[in-house]
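Everything on this sheet refers to the single structure shown next.
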Amino acid sequence: MEVSRDMQIQAPKVPHLVILPIPFQGHINPMLQLATLLHSKGFSITIIHTDYNSPNPSNYPNFNFEPLPVGLSDGQVRTKDLVTILCILNDSCQAPFHDRLSRLLLDGPVTCIITDELFYFTKAVADQLKLPRILLGTSSATFATTMASLKLLRQNGLLSITVGPLYKFSPGSSNSLLTQDYSCMAWLDKQAQQTVIYVSFGSSASFDKRDVVEIAWGLANSNQPFLWVVRPGSIHGHDWVELPKGFEEKTREKGHIVKWAPQQEVLAHPSVGGFWTHNGWNSTLESICEGVPMLCCPYLLDQNVHARYVSHVWRVGMQLENGFDRSEIEWAVRKLMVEIEGKEMRECVGALKENAMRCMAKGGSSYESLESLIHLIMSL
Ligand code: UDP
Numbered sequence: 011m012e013v014s015r016d017m018q019i020q021a022p023k024v025p026h027l028v029i030l031p032i033p034f035q036g037h038i039n040p041m042l043q044l045a046t047l048l049h050s051k052g053f054s055i056t057i058i059h060t061d062y063n064s065p066n067p068s069n070y071p072n073f074n075f076e077p078l079p080v081g082l083s084d085g086q087v088r089t090k091d092l093v094t095i096l097c098i099l100n101d102s103c104q105a106p107f108h109d110r111l112s113r114l115l116l117d118g119p120v121t122c123i124i125t126d127e128l129f130y131f132t133k134a135v136a137d138q139l140k141l142p143r144i145l146l147g148t149s150s151a152t153f154a155t156t157m158a159s160l161k162l163l164r165q166n167g168l169l170s171i172t173v174g175p176l177y178k179f180s181p182g183s184s185n186s187l188l189t190q191d192y193s194c195m196a197w198l199d200k201q202a203q204q205t206v207i208y209v210s211f212g213s214s215a216s217f218d219k220r221d222v223v224e225i226a227w228g229l230a231n232s233n234q235p236f237l238w239v240v241r242p243g244s245i246h247g248h249d250w251v252e253l254p255k256g257f258e259e260k261t262r263e264k265g266h267i268v269k270w271a272p273q274q275e276v277l278a279h280p281s282v283g284g285f286w287t288h289n290g291w292n293s294t295l296e297s298i299c300e301g302v303p304m305l306c307c308p309y310l311l312d313q314n315v316h317a318r319y320v321s322h323v324w325r326v327g328m329q330l331e332n333g334f335d336r337s338e339i340e341w342a343v344r345k346l347m348v349e350i351e352g353k354e355m356r357e358c359v360g361a362l363k364e365n366a367m368r369c370m371a372k373g374g375s376s377y378e379s380l381e382s383l384i385h386l387i388m389s390l
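Just so you know, the sequence shown maps onto residues 11 to 390 in my numbering.
Below is the structure:
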């Protein structure tokens, strides 16, 4: 537990703690266990909680519960994308939390706020109301040490072995475990420049039947040419993916579907103007290196971080925030492919591609790192 305080605690007669858990199971449990423990030591407890995944007040009759409206949409909740939900909560909770806490302070003093370390917005509120804040980390001490060490590792030059993008150093090499269907290259040749959206979610992402129906109609209704990789086994519990009735007739002129594509060649083809991706790191890097802006739809783990960087930091793509919904897909595909926002993303990814090429050229960081690696190996 970390204590952040630069002011003296004015202890009220019955010390009153305001506790704000993050609404995820693995975070709610330890926070309420800590609250129970502190209550048994004589503290009065107010739990301020989001109206999403609220704890059940009847299980804690000795605590005062104050709900916080956070306005998460059903679509946002359905994504089950914890990183996105966390970012939204950090944005949306600050004002209502400040409001709720200010009202509590009218009734009497608050000794301090105890909150989850991932609720970083609470620092601003605690500072404004001059309240001390204690953070509970709910992961292991090892994880905290690792996070703290990253900066140190970088400062000491121990995170400098950046030799990518490797596929650009060894073009033409293919290690594909699945057979790549080259029929799509001839189809791409017939399409106009930068008009095709390439859709592929990598080798392991899988979906519900309903998601595939939404993807199909979203693509069809966008009226943009598309090349869609429909990998067998990518629907939970099914070997092959059945597309909705009427979809193939409607998209015969506009779309091409393969089970697995030669992705690097596809992304380098001049008629490809956008990539709807799950943001696996290889796919993300290949898209950047071919100057193709992205529609991001992360599936798990690091893909969430890549998608956030693509959309919010590098601004070379946009993220589907509400899961799979045909009208949002139609809207997003058109935004990426034909509207001004897509044009801006295409310009940004062009600049990023040039940066990547500079890194790989003689004197660039990747080129030099590779040289250092070779020298290191030769010196062993
Ligand atoms: N890939 C491919 N054909 C496809 C889809 C993907 O050759 O139809 C390749 C793609 O070029 C990339 C790799 O498979 O190099 C996928 O790696 P990534 O890290 O993007 O995602 P993962 O499959 O590990 O989730």
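Even glycine gets a Cβ: it sits at the ideal position worked out from N, Cα and C. None of these values were measured; they are calculated from a predicted model.
Please work out which residues of its chain come closer than 6 Å, Cβ to Cβ, to residue 210, disregarding the five sequence neighbours upstream and downstream, and give them in chain order. Mapped onto the sequence shown, residue 210 falls at position 200. Cβ within range, chain order: 239.
Checking the sheet assignment: what are the DSSP bridge partners for residue 248? Here residue 248 is taken as the residue at index 238 of the sequence shown, counted from 1. Secondary-structure assignment with DSSP links residue 248 through a beta bridge to 245.
Among residues of its own chain, excluding the 5 on either side of residue 200, which ones have a beta-carbon nearer than 7 Å to its beta-carbon? On the sequence shown, position 190 is the one that residue 200 refers to. Annotation for residue 200: no residue places its beta carbon closer than 7 Å to its own, counting only its chain and skipping 5 residues before and after.
Quick one: which unbroken alpha helix (DSSP H) runs of 4-plus residues sit fully inside the region 23-78? Chain order, please. If we require 4 residues or more, the alpha helix (DSSP H) runs fully inside the region 23-78 come out as 35-50.
So, do the region 374-385 and the region 346-361 have three or more beta carbon pairs nearer to each other than 8 Å? No, because fewer than three Cβ pairs between the region 374-385 and the region 346-361 fall closer than 8 Å, the two stretches do not touch.
Residues in its own chain within less than 6 Å of residue 67 by CB, not counting five upstream and five downstream? Counting from one through the sequence shown, the residue named residue 67 turns up at place 57. Cβ within range, chain order: 75.
Measure how close the beta-carbons of residue 124 and residue 29 come, nearest whole angstrom, since I'm counting them as under 8 Å. Within the sequence shown, numbered from 1, the residue matching residue 124 stands at position 114. Within the sequence shown, numbered from 1, the residue matching residue 29 stands at position 19. At roughly 5 Å, the Cβ-Cβ gap stays under 8 Å, so residue 124 and residue 29 are in contact.
Does the ligand UDP have even one heavy atom less than 8 Å from the beta-carbon of residue 244? On the sequence shown, position 234 is the one that residue 244 refers to. For residue 244, the CB stays at least 8 Å from every heavy atom of the ligand UDP.
Over the uninterrupted alpha helix (DSSP H) stretch that includes residue 352, give me the two end residues. Counting from one through the sequence shown, the residue named residue 352 turns up at place 342. For residue 352, the enclosing alpha helix (DSSP H) covers residues 350-370.
Kindly indicate the opening and closing residues of the alpha helix (DSSP H) around residue 385. Here residue 385 refers to the residue found at position 375 of the sequence shown. DSSP places residue 385 inside the alpha helix (DSSP H), whose first and last residues are 375-389.
Near residue 300, what residues of its chain come up, given a Cβ to Cβ distance below 6 Å and the 5 sequence neighbours on each side ignored? Walking along the sequence shown from the start, residue 300 turns up at place 290. If we look at residue 300 and ignore the five residues flanking it on each side, its Cβ neighbours are 277, 278.
Taking all protein chains shown into account, decide if residue 42 is buried (16 or more other Cβ within 10 angstroms of its Cβ) or exposed. Numbered from its first residue, the sequence shown carries residue 42 at position 32. When all chains shown are included, residue 42 counts as buried.
Relative to the C-alpha of residue 369, which residue among 224, 63, 176, 95 is closest? Counted from its first residue, the sequence shown places residue 369 at position 359. With respect to the C-alpha of residue 369, the residue from 224, 63, 176, 95 having the closest C-alpha is 176.
Residue environment, residue 224, which counts as buried when at least 16 other CB atoms sit within 10 Å: As a first step, residue 224 is located in the sequence shown; it is residue number 214 there, counting from the start. If you draw a 10 Å sphere on the C-beta of residue 224, you find 16 or more other C-beta atoms in it, and that means buried.
Residues in its own chain within less than 7 Å of residue 383 by CB, not counting five upstream and five downstream? Taking the sequence shown and counting its residues from 1, the one referred to as residue 383 is at position 373. Cβ neighbours of residue 383 beyond the five flanking positions: 171, 173.
For residue 102 and residue 81, the rounded distance between their alpha carbons: Against the sequence shown, residue 81 aligns to sequence position 71. Against the sequence shown, residue 102 aligns to sequence position 92. Answer to the nearest angstrom: the Cα atoms are 8 Å apart.
Under a Cβ-count criterion, where at least 16 other Cβ atoms within 10 Å of its own Cβ denotes burial, should residue 126 be classed as buried or exposed? As a first step, residue 126 is located in the sequence shown; it is residue number 116 there, counting from the start. Buried, by the Cβ-count rule.
What are the start and end residues of each continuous beta strand (DSSP E) run of 3 or more residues lying completely inside the region 86-135, in chain order? If only complete runs of 3 or more residues are kept, the region 86-135 shows the beta strand (DSSP E) at 122-126, in order along the chain.
Is residue 308 near the ligand UDP, judged by its Cβ being under 8 Å from some heavy atom? As a first step, residue 308 is located in the sequence shown; it is residue number 298 there, counting from the start. Every heavy atom of the ligand UDP is 8 Å or more from the Cβ of residue 308, so no.
Return the Cβ separation of residue 338 and residue 332 in integer angstroms, given the expectation that the two are a contact with Cβ distance under 8 Å. Start at 1 with the first residue of the sequence shown, and residue 338 comes out as number 328. Start at 1 with the first residue of the sequence shown, and residue 332 comes out as number 322. Indeed, because the Cβ distance is near 6 Å, the residues count as touching under 8 Å.
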